[in-house]
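Numbering (mature numbering (1 follows the signal peptide of the UniProt record, and there is no 0)), first residue to last: -28 to -1, 1 to 312.
Using N, Cα and C, we set each Cβ at its ideal position, and we do this for glycine too.
Everything below concerns the one structure shown next.
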């Protein structure tokens, strides 16, 4: 249990994520030079990936890597799009995204592989202010909506619009980072927001309404690694996946403490973090990225093409067929990682 339970509110959460975004975008070149020396592992952590927070807090990966003469460098990702930018630039060798974002990145030439799954969350939904007259997706026609392109909430929005007989052309999309989307909704700059936890849970506590939810439009949390990293450092890649398995087992057994860690990092009140972990984060999942994972991505593949994010269906199909490398998750063993 953390020594101090955190009671900071949404403003701190937004500030922390915004700072993380700036830090990540500013250090790509610097970390790329260290990435190839074989002595530094650059890996991301993110508030949308609770296992990364547990792993960073506990120091298990750091200790295990140190035994191999490797230093772990932790870099915060403010969203899947930022994690993908860092992976493409070799600013991190391992990064966490939504499954949909991993497929998009691979479709557009990013040299990544999904090596493990870290959650099956309901982390995206459509959100409005408490006094909004919007009650259904069809009501979004002609309205302004905030979303972060290249992330699960964005693709959640596109699929929801399609289901309602609409498309992105029927709305005014404000492409901003997740924290900025929450701010835009709060100050009335947009009519709705396709939100992401834990920021969404904090907004909900402050009175915002989740007016449309659909678990089927949320893709898995995907742990991705650069293909060159996998080829050059397979033992280190296995160490990362083993460490993630230890963090997952610990988080499943200790949900309250996991929520405390999330609250600490994201600047959330305890009850908000509890909602995210206990109600909207399924961490007790098969971490091998198998058929259920690829099936979900197959469902969203046409949306990537229809939105213009990928040029043609064949490109997405090829990316999906080559995205997964399950060799490490298949052999994952938490017992290989020491620590309590």
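{"Asked": "Contact check, residue 97 vs residue 153, beta carbons under 8 Å", "Found": "no"}
{"Asked": "Strand pairing of residue 93, partner residues [DSSP]", "Found": "253"}
{"Asked": "Bridge partners - residue 222, DSSP secondary structure assignment", "Found": "In the DSSP output, where bridge partners are listed per residue, residue 222 has none listed."}
{"Asked": "Coil, strand or helix - residue 187 by DSSP", "Found": "helix"}
{"Asked": "For residue 28 and residue 38, the rounded distance between their alpha carbons", "Found": "14 Å"}
{"Asked": "Presumed contact (8 Å Cβ cut-off) between residue 130 and residue 279, rounded CB distance", "Found": "6 Å"}
{"Asked": "C-beta contact flag for residue 195 and residue 90 at 8 Å", "Found": "yes"}
{"Asked": "Own chain residues within Cβ distance below 6 Å of residue 118, not counting five before or after", "Found": "146, 148, 153, 156, 162 and 165"}
{"Asked": "Residue nearest to residue 234 in terms of C-alpha spacing, selected from 86, 115, 174 and 114", "Found": "174"}
{"Asked": "Neighbourhood of residue 305 by C-beta distance below 8 Å, restricted to the same chain and skipping five residues each side", "Found": "214 and 217"}
{"Asked": "Cα-Cα separation between residue 250 and residue 302, rounded to whole angstroms", "Found": "26 Å"}
{"Asked": "Local conformation of residue 309 per DSSP, three classes", "Found": "coil"}
{"Asked": "Spatial neighbours of residue 285 in its chain, beta-carbon cut-off 8 Å, leaving aside the 5 residues before and after", "Found": "273, 274 and 277"}
{"Asked": "Residue from 63, 259 and 99 with nearest C-alpha to residue 48", "Found": "63"}
{"Asked": "One or two residues paired with residue 70 in a DSSP bridge", "Found": "193"}
{"Asked": "Distance between beta carbons of residue 297 and residue 15, contact taken as under 8 Å", "Found": "Not really, about 17 Å apart at Cβ, beyond 8 Å."}
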